[in-house]
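Report on one structure; see the data block that follows.
Residue numbers (our numbering): -3 to 123.
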């Protein structure tokens, strides 16, 4: 029987921008929220969310993982770093270091309203 690829959703944000960062990861229906990630921009928070998603999947021993996020720029930069094997951008360089220890099967972009981690973060901040 073939194992199914595990989808891991990630999202990060800050209020205001720049401001205090937070991130969420949804893995197998469980929401993991990370507060107090320091001060930074929304893009910094998105990268930190990707890193937390990778660390959680690795800690659980998952091998066939699809990382899914709604930051087009972060997904693009991570995939470019992966393809080239190097990056001058510090977050992408950290990504390469993490992926040398544990490599996901795929990283892809989805719309914000489809991102389960983004929905979980938005629910923490009702308007």
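Positions of the beta carbon are idealized from the N, C-alpha and C atoms, including for glycine.
Within 10 angstroms of its Cβ, does residue 67 collect 16 or more other Cβ (buried), or is it exposed?
-> With 16 or more other Cβ atoms within 10 Å, it is buried.
Residue 107 (DSSP reduced to helix, strand or coil) = In the three-state reduction of the DSSP assignment, residue 107 falls in the coil class, being assigned neither a helical nor a strand state.
C-alpha distance - residue 118 paired with residue 31, whole-angstrom precision | So the two alpha carbons sit approximately 14 Å from each other.
Which class does residue 66 belong to by DSSP, given the choice of helix, strand or coil?
-> Secondary structure of residue 66 (DSSP, three-state): coil.
Going by the CB atoms, is the gap between residue 92 and residue 86 shorter than 8 Å?
-> For residue 86 and residue 92, no; Cβs fall outside 8 Å.
Going by the beta-carbon positions, is the gap between residue 76 and residue 53 smaller than 8 Å?
-> In this structure, residue 53 does not lie closer than 8 Å to residue 76 by Cβ.
Whose CA, out of 94, 102, 19, lies closest to the CA of residue 2?
-> Closest by alpha carbon: 102.
What are the boundary residues of the alpha helix (DSSP H) that includes residue 92?
-> Where residue 92 is concerned, the enclosing alpha helix (DSSP H) stretches over 86 to 97.
Whole-angstrom distance between residue 98 and residue 8, CA atom to CA atom | Note on geometry: alpha-carbon atoms of residue 8 and residue 98 lie some 21 Å from one another.
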